[in-house]
Amino acid sequence: MAEKPTLREDQQLLDLEPLGQIGSEASASGGQLTRRTFLSGLGAAGLVASAGPLSAAAAPMGQAEGAAGAHTVLTVNGEQHDLGMLDTRVTLLDALRERLYLTGTKKGCDHGQCGACTVHVDGRRVNSCLTLAVMVSGKEITTIEGLGVPGRLHPMQAAFVEHDGYQCGYCTSGQIMSAVALLKEPVGPSDHDVKEGMAGNICRCGAYPNIVAAFQQVRNHSTMNG
Amino acid sequence: MQSFSYEKAQSVEQATGTTGKFIAGGTTLVDLMKLGVETPTQLVDVTALPLAQVETLPNGGLRIGAMVRNSDLAHHPAVGKDYAVLSEALLSGASPQLRNMATTGGNLLQRTRCPYFRDPSYSNCNKRNPGSGCAAIGGHNRMMAILGTSDACIATHPSDMCVALTALEATIQVEGPKGKRSIAIADFYKLPGTTPNVENALEPGELITYVDLPAPRKASKQVYLKLRDRASYEFALASAAVVAEVSGGHVRAVQIALGGVGTRPWRAHEAEAALTGKPATAAHFRAAAEDALKGAKPSSENGFKVELAKRCIVRAMTMASA
Ligand SMILES: Cc1cc2nc3c(=O)[nH]c(=O)nc-3n(C[C@H](O)[C@H](O)[C@H](O)COP(=O)(O)OP(=O)(O)OC[C@H]3O[C@@H](n4cnc5c(N)ncnc54)[C@H](O)[C@@H]3O)c2cc1C
Ligand code: SF4
Ligand code: FES
Ligand code: FES
């Protein structure tokens, strides 16, 4: 488990913001359809123009006063973490980032539209932003931190480096988690097939051609060896 | 987000014996809870129920468990072989990650993507807030429905899977506090009328357990064609599911359902009647498409959907008879 970082005062404030604020974010727009909430209604197409990578909503720590909790044990990258009575509203994404300090998994849209939060649950790729932590208690979770480490990268991580499969890097951990899962899924041989298989991961820097090249290299290499 | 208690149901009886809201893949529900559109105080996780199998029925049909994930269903050999339209529809929806999460039961009950429905800062939405009016009529309505609309609501039913299930004439098996019953998919979805908040035939506490498909038609050609703003990971502007028997240059039998244009998955009976027994030619396809869209009522921004849906039918029929 990652070390708990020392927080600056402003970060601590953000940390303490209750999850209940999420619901009122929309109401705060006072009857006006804000660009952000409107676009989030349009499906993935709205994403690129909508919220930036940083979400205003932070997860509650533990259980907010009066809120329901449930005993939650997360097995992440082979290690068990007993989170005690966790607020039932906490998503897997927020539990990973705010409780376990595994910040490699990113929050883009928080609504299933971008893929930045992709992790594996029992070996399958899912959007951790739409997964309630309590629902995956006891399942095997793998994040980008569990894939490889500097000096001993997963072949997909190495291929992303080699092919420049990113620019700003914000979508990258999600792209790599998706690509690793895709290796085991039914997917045709062409670049077009790979693009369709990777369609759940949006990259606003447009690194798509290099991501496809990285995937094709890993897949062809492992076919040659296996 | 509203606080809620959580329990994982271990049996169907336990699930139907509660007053809580069911959660399966969570890809509709958690999204809407974050937006403050859904505010359950009690969640009942149904993912551990023994309803995750796909099995052949004695009559040659297929029984799909409500917990079967969309990706597993799409790649199931029996579905790929005999119900290709379902496989294609599933794979055209959402993203691989979401399909790994989404279940058959949850997909049937996914909610509309109407942006006003999804934004509680708008009080005027009859679906969310009965009797409050409709912000989409006269508002942004490019994505809205043109068939089955009412003065109270013009929201599109967004599912791809349900369009294929409509063409395949699926039956939905449910179990509730009062026992089991079967509902034909044609009777499952309600038109909005004056009560767009009532979306389907389920009674309180009823759980979808299975979806049954009839035995596959011999020699049927199946096509799902989805037209949208982007090549992938986007909802349909118009889609067509076609199950057709074409031989000797004639359409012997055909079932057509439309997506992206109706307030519910839309069975195009008029087009089917216009095609049955007729030569499989472009002119007949076009005439049938005209019939299918006769009742269309576009709003200020979505008039283009009328022609788009017609061309979608023509192209899907052309593919199915090639
Ligand atoms: C970004 C994004 C893009 C998408 N794009 C598409 C698309 O292109 N095409 C498409 O078709 N869909 C699309 N979807 C919708 C997706 O297919 C649905 O969210 C999904 O199928 C819902 O299934 P679920 O198991 O996650 O449902 P949940 O969210 O778990 O549940 C949905 C509803 O069904 C109820 N429910 C669940 N299971 C049962 C049961 N067995 N019995 C009774 N009630 C039950 C729940 O109480 C809830 O009200 C998209 C979703 C997202 C977030
Ligand atoms: S179209 Fe229906 S869902 Fe959308 S605002 Fe009007 S009533 Fe609400
Ligand atoms: S954060 Fe965008 S899909 Fe989860
Ligand atoms: S979003 Fe910047 S690298 Fe993909």
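These protein sequence lines map, in sequence, to chains L and H.
Okay, so the first sequence: first residue is 1 according to this note's numbering, each after it adds one.
Okay, so the second sequence: first residue is 1 according to this note's numbering, each after it adds one.
Glycine included, each C-beta is placed from N, C-alpha and C at the ideal position.
As the structure is a prediction and not an experimental result, all values here were calculated from the model.
- When rounded, the separation of the alpha-carbon atoms in L:S222 and H:P96 is 22 Å.
- Judged by DSSP secondary structure, H:R63 falls within the beta strand (DSSP E) whose first and last residues are 62 to 65.
- Distance from the Cα of H:G131 is smallest, within the candidate group H:V314, H:N141, H:D151, for H:D151.
- Under the three-state reduction of DSSP output, L:L86 falls in the strand class.
- Proximity of chain H to L:V126 at the Cβ level (cut-off 7 Å) is accounted for by Q97, N100, M101, in chain order.
- Here the residues close to ligand 2, judged by CB distance below 5 Å to any of its heavy atoms, are H:C114, H:Y116, H:F117, H:C125, H:N126, H:K127, H:C134, H:A135, H:A136, H:C153, H:I154, H:A155 in chain order.
- Per DSSP, the unbroken alpha helix (DSSP H) holding H:V30 starts and ends at 29 to 34.
- A direct Cα-to-Cα measurement between H:V211 and H:I64 gives close to 5 Å.
- At least one beta carbon of chain L lies nearer than 8 Å to the beta carbon of H:T47.
- With contacts defined by Cβ atoms closer than 8 Å, H:G105 and H:A24 form a contacting pair.
- Contact annotation: H:V306 and H:L293 have beta-carbon atoms nearer than 8 Å.
- When distances are taken from the beta-carbon of H:D160 to the heavy atoms of ligand 1, the shortest one is below 7 Å.
- A heavy atom of ligand 4 is found nearer than 7 Å to the CB of L:Y166.
- When secondary structure is reduced to three states using DSSP, H:Q255 falls in the strand class.
- Chain H places no beta carbon closer than 8 Å to that of L:R97, leaving this residue out of the contacts.
- For H:H250, the secondary structure class from DSSP, reduced to helix, strand or coil, is strand.
- About 20 Å separates the Cβ atoms of H:F235 and H:R69, ruling out a contact at the 8 Å cut-off.
- In the structure shown, the three-state DSSP call for H:V68 is coil.
- Chain-ordered, the residues whose CB falls short of 6 Å from any heavy atom of ligand 3 come out as L:K107, L:G108, L:C109, L:D110, L:G112, L:Q113, L:C114, L:G115, L:A116, L:C117, L:N127, L:C129.
- Chain H places a beta carbon closer than 8 Å to that of L:S178, counting this residue as a contact.
- Around the Cβ of L:D82, a 10 Å sphere holds fewer than 16 other Cβ atoms; the residue is exposed.
- Nearest Cα to H:R128 within the set H:L225, H:L35, H:R252: H:L35.
- Taking C-beta atoms as the reference points, H:V44 and H:T209 fail to come closer than 8 Å.
- For L:A133, the closest alpha carbon among the candidates L:H154, L:T72, L:Y101, L:P209 is that of L:T72.
- For L:E140, the secondary structure class from DSSP, reduced to helix, strand or coil, is strand.
- Within the same chain, Cβ atoms closer than 7 Å to the Cβ of L:E145 are found at N77, L102, G104, the five residues on either side in sequence being excluded.
- Closest by C-alpha distance to H:I183, out of H:E7, H:Y116, H:L213, H:A309, is H:L213.
- Proximity of H:D31 to chain L, defined by a Cβ-Cβ separation below 8 Å, is satisfied.
- In this structure, H:V242 sits near H:M317, with a CB-CB distance shorter than 8 Å.
- Among the CB atoms of chain H, one or more fall inside 8 Å of the CB of L:M135.
- Put simply, the CB of H:S239 is far from chain L, with every gap to its CB atoms at 8 Å or more.
- Look at H:F4 here: in three-state DSSP terms it is coil, with no helix or strand label.
- One thing to note: L:G200 has its Cβ within 8 Å of the Cβ of H:Y233.
- The closest CA to that of H:A48, considering only H:T103, H:G60, H:T19, H:L91, is found on H:T103.
- Under the 10 Å beta carbon count, H:P279 is surrounded by fewer than 16 other beta carbons and is classified as exposed.
- Going by beta carbons, L:L86 and L:T131 fall outside the 8 Å limit.
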